[in-house]
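Heads up: the structure comes next, in structure tokens.
2 protein chains.
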Amino acid sequence: MHIAITGAAGFLGQRLVKQLLARGELRQHPITRLTLIDQVEAPQPEAGNIAVTSMAMDITQPGALDSVFEQRPEVIYHLAAVVSSAAEADFDLGLRVNFDATRALLEACRKRELSDTRLIMASSVAAYGGDLPEVLDDMTALHPQNSYGAQKAMSELLVNDYSRRGLVDGLVLRLPTIVIRPGRPNAAASSFASSILREPLNGEEAICPVPVELPMFVMSPGKVVDALVHGAEVPGEALGAFRAFMLPGITITVAEMLEALRDAAGEKAFSLVRHEPDPQIESIVASWPARFNTAKATRLGFVGDENFKQIIDAFVTERA
Amino acid sequence: MHIAITGAAGFLGQRLVKQLLARGELRQHPITRLTLIDQVEAPQPEAGNIAVTSMAMDITQPGALDSVFEQRPEVIYHLAAVVSSAAEADFDLGLRVNFDATRALLEACRKRELSDTRLIMASSVAAYGGDLPEVLDDMTALHPQNSYGAQKAMSELLVNDYSRRGLVDGLVLRLPTIVIRPGRPNAAASSFASSILREPLNGEEAICPVPVELPMFVMSPGKVVDALVHGAEVPGEALGAFRAFMLPGITITVAEMLEALRDAAGEKAFSLVRHEPDPQIESIVASWPARFNTAKATRLGFVGDENFKQIIDAFVTERA
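As structure tokens, this is what we get:
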């Protein structure tokens, strides 16, 4: 079993690599080879008998993936992306990485006749937007209000059509907001959702820029990676007429997140969160839908977090 | 007022040209110039004071539209397309014409800073598919089950995002099945829907390949062209968060169409329709949705046919 991963140097990519190596098998076949692809060389972990190759390349360059796909990977994870704020700031870069690279990857699969290769692409809650219903479901239209979401939605259609034509065996998972991300705050509008938990759990101050009544749709890094692994194992026949859908997140308000922080780490941790409204961040985050009926993902065996306490506990355990 | 039309040699393009010349104005400005673009030179009609230029070009070639857009058209109709059966048979051709050409057109607008230019693109009922609800509405997801529909859905997202970014003032109209098309039957799966009316009205036999209970969603050529004209006049601010929506067609079964034929042209015409089931055509046409709540189009002032009798009467009058 040869697995290729784009965006392998990123936070999700690295975590996926770790989990695949720990499992040692996928689709009931021993993993023999991992090809890690990113703009920079992804760290190469200890891997025992598994041959791990790290390749630094620009996958937006024509033919870049040809040499990798010559090795006929049986599973491809396409995680490489320009995130929302960057895709909004640089339209051409976003189109090139979030859409053209997906198309190039699909074409490379077609050229190598990788029709049985399972391609798993990460999409996002940011693909939704506009005048949304109270609760979204698998038939809610994608009316993205940011270029990142538009580029992901276009890529979804392309993955679906290549799959329908039998050129690849594709699947797109729309990810909820990932909480708690490790590391430091970044420029993403959703960064605070990890910060207000991670920093206090580490004894540091954090700033909450949104009203605590704001609901969000979240999933832990562990469950997202579990979903990526499960995505390789769902039979293609089970995926139905459209191969992109939302993963089962948890709907939770910021206030409830902070209550869970207090329950887990006490009053002191809770008091480390300062409330400093930032209307710009609020307007972005408030536009993201927070309530979903994720019937399709659930029917296909994708599993979310049970509750927010579990998310906090997992972060604390992993940090230890 | 300078108007450019791609696909200008086609049936809809030609009809639109005729109507624009008859009006002489658009957006309350006199039309001074029409640029007709197609693979072949579109026929140049008598146009009085209006300067009409026909250009034969391949709009999928980089920079092809630059010379046209240098003339800063204030309204662009993008009707050029590879139809569904052809896009299914030749995947690359469909992607190139139905998607890449749309992108090239949007880029040409951006390059020339035509941010106030109203771009009107034709999309299709074929963009819908999969497990659809009984009645579709403006929030029903696009899960196309053919490459033509996928390419149109991708183009919709791009037109919307370029518009959201203020690079052009775009609008996409999803067209119902157009009935009664003039001319001869063609290879389109929906061809019969015009044939079973047009041929008997001309005293000729026609074949109905589908069960008469089948419902369809139809619009007359006249109302489609009216909608294209109205599409130039709707203010951008009124279009809301997503600039693609379905036009108000009529839901009608094939049996009801044939009854309307009998009412209009008598028993003899009715009896010219032979029923020869074709499972392949049935499976394609039956997958198209037939019931829509087109609230957005109606709110924006787009008007459909009042009833099917009107559609037949218009065809007979125009033929005369």
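First to last, the protein sequences are chains Y and W. Under full-length UniProt numbering, the first residue of the first sequence carries the number 1, and numbering increases by one thereafter. Under full-length UniProt numbering, the first residue of the second sequence carries the number 1, and numbering increases by one thereafter. Ideal Cβ placement from N, Cα and C applies to all residues, glycine included.
List the residues of chain Y that residue i touches, going by C-beta distances under 9 Å, in chain order.
i      : result
W/P133 : M139
W/G130 : M139, G240, A241 and F242
W/S147 : D161, R164 and R165
W/A150 : L157, L158, N160, D161 and R164
What residues in its chain sit with their C-beta under 7 Å from that of residue i, if we drop five residues either side in the sequence?
i      : result
W/S147 : A87, E88, F91 and G94
Y/A56  : D38, Q39, V40 and E41
Y/G231 : I120, L171 and L173
Y/D116 : D169
Spatial neighbours of residue i within its chain, please: CB distance less than 6 Å, with the 5 preceding and 5 following residues excluded, ordered by chain position.
i      : result
Y/D278 : P209
Y/F245 : D138, K296 and A297
Y/E199 : A206
Y/F315 : I180
Y/I5   : G13, L36 and Y77
Y/F69  : A108 and R112
Y/I196 : A206, C208 and V273
W/L201 : A265
Near residue i, what residues of its chain come up, given a Cβ to Cβ distance below 8 Å and the 5 sequence neighbours on each side ignored?
i      : result
Y/K309 : A260, D263 and A264
Y/E282 : P209, V210, P211 and L214
Y/I50  : L21, G24, I31, T32, R33 and L34
W/R274 : E205, A206, I207 and C208
Y/P43  : A9, Q14 and S54
Y/N160 : G170, V172, F242, R243 and A244
For residue i, go through chain W and note every residue whose CB falls closer than 8 Å to its CB, in chain order.
i      : result
Y/H78  : The premise fails here: Y/H78 is roughly 17 Å from chain W at the closest Cβ pair, so nothing lies under 8 Å.
Y/F91  : R165
Y/S123 : In chain order: nothing, as chain W lies at least about 13 Å away.
Roughly how many whole angstroms lie between the Cα atoms of residue i and residue j?
i                      : j      : result
residue 374 of chain W : Y/E113 : Any answer about residue 374 of chain W is impossible in this case: the structure gives chain W only from 1 up to 320.
Y/S194                 : Y/V172 : 24 Å
W/G7                   : W/Q39  : 8 Å
W/I31                  : W/D66  : 21 Å
Y/V229                 : Y/S287 : 30 Å
W/K152                 : W/A189 : 18 Å
W/V224                 : Y/F302 : 44 Å
W/R110                 : Y/Q280 : 27 Å
Y/M257                 : Y/L16  : 26 Å
W/E134                 : Y/Y162 : 27 Å
Y/N186                 : W/D131 : 40 Å
Y/P235                 : Y/L175 : 20 Å
W/L136                 : W/M216 : 13 Å
W/E306                 : W/R27  : 25 Å
W/I312                 : W/G203 : 15 Å
Y/Q145                 : W/V82  : 29 Å
W/S85                  : Y/T317 : 56 Å
W/A104                 : W/T294 : 30 Å
May I ask you to list the residues that DSSP assigns as paired with residue i?
i      : result
Y/T253 : Y/P215
W/S124 : W/L175
Y/G166 : Looking at the DSSP assignment, Y/G166 forms no beta bridge with any residue, so it has no partner.
W/T102 : According to DSSP, W/T102 bridges with nothing at all.
W/T6   : W/I37 and W/H78
Y/L51  : First, the residue type needs correcting, since residue 51 of chain Y is Ala and not Leu in the sequence shown. Y/R33, per the DSSP bridge assignment.
Y/H275 : Y/C208
W/T298 : Its beta-bridge partners do not exist; DSSP assigns none.
Y/M246 : Y/R174
W/R118 : W/V75 and W/D169
When you compare each of the options to residue i by their alpha carbons, which one comes out closest?
i                      : options                           : result
W/G129                 : W/F99, W/Y77 and W/A290           : W/A290
Y/F242                 : Y/F217, Y/L21, Y/K268 and Y/L157  : Y/L157
residue 324 of chain W : W/P73, W/L79 and W/F315           : It is not possible to answer for residue 324 of chain W, since the shown part of chain W is limited to 1 through 320.
Y/E46                  : Y/M57, Y/G24 and Y/E256           : Y/G24
Y/V12                  : Y/I196, Y/N293 and Y/I180         : Checking the sequence shown, residue 12 of chain Y turns out to be Leu, not Val. Closest option to Y/L12, Cα to Cα, is Y/I180.
Y/H143                 : W/L258, W/N293 and W/G240         : W/G240
Y/L300                 : Y/P248, Y/T177, Y/L197 and Y/L201 : Y/P248
Y/V168                 : Y/R118, Y/I59, Y/A141 and Y/G63   : Y/R118
W/N98                  : W/T140, W/M121 and W/D116         : W/M121
W/L79                  : W/T317, W/S124, W/S85 and W/T251  : W/S124
Y/A101                 : Y/S155, Y/G48, Y/S84 and Y/G149   : Y/S155
Y/R319                 : Y/P182, Y/T253, Y/E237 and Y/G304 : Y/P182
Y/G71                  : Y/A127, Y/K18 and Y/H2            : Before going on, a small fix: residue 71 of chain Y reads as Gln here, not Gly. Checking every option, the nearest Cα to that of Y/Q71 belongs to Y/H2.
Y/T60                  : Y/A126, Y/R96 and Y/A127          : Y/R96
Listing by chain order, which chain Y residues have their CB less than 8 Å from the CB of residue i?
i      : result
W/A153 : L157
Kindly list, in the order they appear in chain W, the residues whose Cβ is closer than 7 Å to that of residue i.
i      : result
Y/H143 : A241 and F242
Using 7 Å as the cut-off, classify the Cβ of residue i as near or not near the heavy atoms of the ligand ADP, replying yes or no.
i      : result
W/D313 : The ligand ADP is not part of this structure, which contains no ligands at all.
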